[in-house]
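Residue numbers (mature numbering (1 follows the signal peptide of the UniProt record, and there is no 0)): -18 to -1, 1 to 90.
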Amino acid sequence: MRSSLTLFALCFASLAYAAIGPHTNLFIENKVIGPDGFNRSTVLAGASRSSATFPGPVISGKKGDTFSLNVINQLTDTSMLTSTSIHWHGFFQKGTAWADGPVGVTPL
């Protein structure tokens, strides 16, 4: 019985932290959460509107993969900015430095 519960818990945990990519949608949206016990509006990411979580999903691939992520801005909370940009860490972006970083800032 105990081993069955452990197996069930491991299967459930792996679903909660499933990886996405290298070709997928990435939804950016507002949700009220309280990771430290204090509820507040936050910006979360997920593979669908219903799966936006904190922390966000792991985006994975293999060496040599080309990534194609369609970022869908679903931000609606006007008490904070509703525009968004994505900054990637750990990607070698040969010839695309213009696409790495926050809007208006290009690292060279």
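Ideal Cβ placement from N, Cα and C applies to all residues, glycine included. Since we're looking at a predicted model, the values are computed, not measured.
Nearest-angstrom Cβ-Cβ length linking L8 and A27, presumed shorter than 8 Å:
6 Å
Ends of the beta strand (DSSP E) at H5?
Its beta strand (DSSP E) spans residues 5 to 15.
DSSP state of S30, grouped into three classes?
coil
So, is A1 buried or exposed, given that buried needs 16 or more other C-beta atoms within 10 angstroms?
Per the 10 Å Cβ criterion, exposed.
Got a sec, what are the start and stop residues for the beta strand (DSSP E) L51 sits in?
50 to 56
Can you tell me whether S23 is helix, strand or coil according to DSSP?
strand
Quick check on the burial criterion: 16 or more other C-beta atoms within 10 angstroms. Buried or exposed for P39?
buried
Helix, strand or coil for T66, going by three-state DSSP, please let me know.
coil
Pick from G16, I15, R31, P4 that is closest to N55, judged by C-alpha positions:
Closest by alpha carbon: R31.
Would DSSP call T78 helix, strand or coil?
Three-state DSSP puts T78 in coil, outside helix and strand.
Ignore the nearest five residues each way along the sequence and tell me which others in I68's own chain have a CB closer than 6 Å to its CB.
V53
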